[in-house]
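Q: Per UniProt numbering, the sequence shown runs over residues 1 to 325.
From the three backbone atoms N, C-alpha and C, an ideal C-beta is built for every residue, glycine too.
Quantities reported herein were computed from a predicted structural model and do not represent experimental measurements.
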Amino acid sequence: MIAVEGLSKSFKVAKRPPGLKHAFKSLFSREHTVVQALQDVSFTIKPGEIVGYIGPNGAGKSTSIKVMSGILVPDGGTCEIMGYTPWKDRKAFVKHIGVVFGQRSQLWWDVPVIDSFDLLKDIYKIPTPLYNSNKQLLTETLQLQELLHTPVRQLSLGQRMRCEIAASLLHDPQILFLDEPTIGLDAVSKLAVRRFIQTINREKGVTVILTTHDMSDIEALADRLLLIGKGSLLYDGTLQDLRGRFGQKKTVVADYRYSDGPVSVPGTKLISWTPERAVLEVNAAETAVSGVISQLSSQVELIDVSVEAQPVDDMIVELYKEYRL
Ligand SMILES: Nc1ncnc2c1ncn2[C@@H]1O[C@H](COP(=O)(O)OP(=O)(O)OP(=O)(O)O)[C@@H](O)[C@H]1O
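Take a look at the structure:
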């Protein structure tokens with residue numbers, strides 16, 4: 001569905017030292033530096049996938065989304081989406097995609113949300129029966145009833161985001177690009193947005209490309225991860241693969257009846273100890289967690305034991321470290 005090959009994009013940025021003298025000088029001569037936002041990025045995405053596009057700040061995620069949605073023209077490489085080159089066949093292409101930029105609004109600021117929806121109906125030439133059924137479905141599932149007649153500028157961030165997502169789907173696109181859709185949302189809104197993304201993917205087969213810094217978005221939604229760093233694609237794999245690579249570290253927390261000395265379990269690292277609690281780190285690839293627990297029970301009278309997997313955030317930090325990002 002999406003085939004990106006050798007994509008590159010650079011930006012020429014004007015350089016100006018601070019101060020009035022330099023401001024005046026820059027009116028006549030400007031120095032520039034070149035920022036290589038994307039270099040030789042290649043990947044393919046199949047219909048119905050949910051792909052998490054991740055990377056640190058300034059890695060090139062938004063630039064990729066802008067190229068794939070036809071907003072930016074790359075310097076080199078190719079991008080074919082459903083047979084279109086986004087920046088060339090823009091008018092025909094946009095009918096097949098929906099785009100949400102979490103940090104920017106595509107709705108008209110001063111008019112009620114419903115007026116923006118009606119304008120989008122005209123822009124995308126959505127047939128009336130399809131528009132009405134999609135509007136009804138989106139209003140119900142995203143709980144927009146109370147918001148439709150409010151001007152966008154009066155909405156909270158979470159309310160606006162639900163309206164933005166609805167607006168991007170009114171024309172029934174097969175691909176949805178989401179650039180940080182949960183940024184700044186409270187826990188309830190985040191869950192609602194995630195649930196909705198899952199629903200349209202499952203029920204309508206919408207392919208989703210999602211950029212986010214929130215790893216619980218990735219954990220909840222993405223089948224596959226693409227990691228981009230300093231403009232290059234560095235990793236392409238599933239969260240499962242990543243767990244295989246980094247997620248073997250487990251934390252064992254043991255609560256026990258008062259014990260004088262610290263526990264000592266071979267193959268583990270004792271993170272902390274008190275007479276009633278020990279926290280140990282285990283590499284599950286080398287030491288069986290069940291063996292650790294039986295060792296513990298032979299040394300102390302256990303009351304409770306919990307085993308925690310390494311959080312996804314920690315694995316991503318390890319991945320960033322590995323690539324020196
Ligand atoms: N319009 C522009 N003009 C100049 N430089 C730009 C422009 N847009 C992006 N850049 C630069 O390109 C690089 C990639 O930016 P991009 O916005 O794609 O990163 P990102 O991965 O989305 O980052 P973040 O997570 O912070 O949103 C950055 O160094 C950025 O400063």
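Tell me, please, which residues DSSP counts as bridged to residue 22.
A: For residue 22, which the question treats as bridged, DSSP gives no partner whatsoever.
Q: By Cβ distance below 7 Å, which residues in the same chain neighbour residue 69 in space, the five residues on each side in sequence not counted?
A: 86, 97, 99, 177
Q: If you follow the beta strand (DSSP E) that residue 41 is in, where does it begin and where does it stop?
A: 31 to 45
Q: If you measure from each CB to the nearest heavy atom of ligand 1 and keep those under 6 Å, what residues do you get, in chain order?
A: 11, 13, 35, 37, 55, 57, 58, 59, 60, 61, 62, 63
Q: From residue 277 to residue 15, what distance separates their C-alpha atoms?
A: 57 Å
Q: By how many angstroms is the C-alpha of residue 299 removed from the C-alpha of residue 7?
A: 59 Å
Q: Please look up how many angstroms separate the CB atoms of residue 228 and residue 221, rounded, as I've assumed it's under 8 Å.
A: With a Cβ gap of about 18 Å, residue 228 and residue 221 do not count as contacting.
Q: What's the C-alpha gap between residue 147 and residue 167?
A: Residue 147 and residue 167 have their C-alpha atoms spaced approximately 13 Å apart.
Q: I'd like the ranges of any alpha helix (DSSP H) spanning at least 4 consecutive residues and lying wholly in the stretch 100 to 160.
A: 113 to 123, 128 to 141
Q: Round the Cβ separation of residue 180 and residue 211 to the nearest angstrom and send it over; I've been treating them as touching at under 8 Å.
A: Residue 180 to residue 211, Cβ: 6 Å. Contact.
Q: Given residue 74, which residues of its chain have a CB within under 8 Å of its CB, disregarding the five upstream and five downstream residues?
A: 7, 8, 9, 38, 67, 87
Q: Does the Cβ-Cβ distance between residue 201 and residue 248 come in under 9 Å?
A: no
Q: Does the separation of the CB atoms of residue 53 and residue 46 fall below 9 Å?
A: no
Q: Just curious, the alpha helix (DSSP H) that residue 322 is in, first and last residue?
A: 312 to 322
Q: Residues bridged to residue 63 by DSSP?
A: Paired residues: none, contrary to the question.
Q: For residue 189, which residues in the same chain have their Cβ closer than 6 Å to its Cβ, ignoring the five residues on either side in sequence?
A: 158
Q: Compare the beta carbon distance of residue 225 and residue 214 with 9 Å and say whether it is the shorter of the two.
A: Result no, Cβ atoms of residue 225 and residue 214 do not sit closer than 9 Å.
Q: Give me the DSSP bridge partner(s) of residue 283.
A: 249
Q: Check whether the Cβ atoms of residue 209 and residue 65 lie closer than 9 Å to each other.
A: Judged by beta-carbon spacing, residue 65 lies within the 9 Å limit of residue 209, meaning their Cβ atoms are closer than that value.
Q: Give the DSSP-derived three-state secondary structure of residue 172 in the structure shown.
A: coil
Q: Could you check where the beta strand (DSSP E) with residue 12 kicks off and where it finishes?
A: 2 to 15
Q: Using a Cβ distance threshold of 8 Å, determine whether the stretch 288 to 306 contacts the stretch 264 to 276, with at least three qualifying pairs required.
A: yes
Q: At 4 residues or longer, what runs of the alpha helix (DSSP H) sit wholly inside the stretch 228 to 272?
A: 239 to 246
Q: Measuring only the C-alpha atoms, how far is residue 43 from residue 5?
A: 7 Å
Q: Between the Cα of residue 308 and the Cα atoms of 191, 269, 252, 154, which residue gives the shortest distance?
A: The option with the nearest alpha carbon to residue 308 is 252.
Q: Buried or exposed: which applies to residue 275, given that a residue is buried once 16 or more other Cβ atoms fall within 10 Å of its Cβ?
A: exposed
Q: Given this structure, state the Cα-to-Cα distance separating residue 143 from residue 113, to the nearest angstrom.
A: 13 Å
Q: Please state whether the Cβ-Cβ distance between residue 55 and residue 325 is less than 9 Å.
A: yes
Q: Where DSSP assigns a beta bridge to residue 51, which residues make up the other side?
A: 209, 224
Q: Along the chain, where does the alpha helix (DSSP H) that runs through residue 297 open and close?
A: 289 to 299
Q: Can you name the residues that DSSP bridges to residue 309?
A: 250
Q: Go through its chain and collect everything with a Cβ distance to residue 295's Cβ below 7 Å, but skip five positions before and after it.
A: 265
Q: Is it right to say residue 171 is buried, meaning 16 or more other beta carbons lie within 10 angstroms of its own, or is it exposed?
A: buried
Q: Considering only C-alpha positions, which residue in the set 145, 130, 254 is nearest to residue 272?
A: Nearest option by C-alpha distance: 254.
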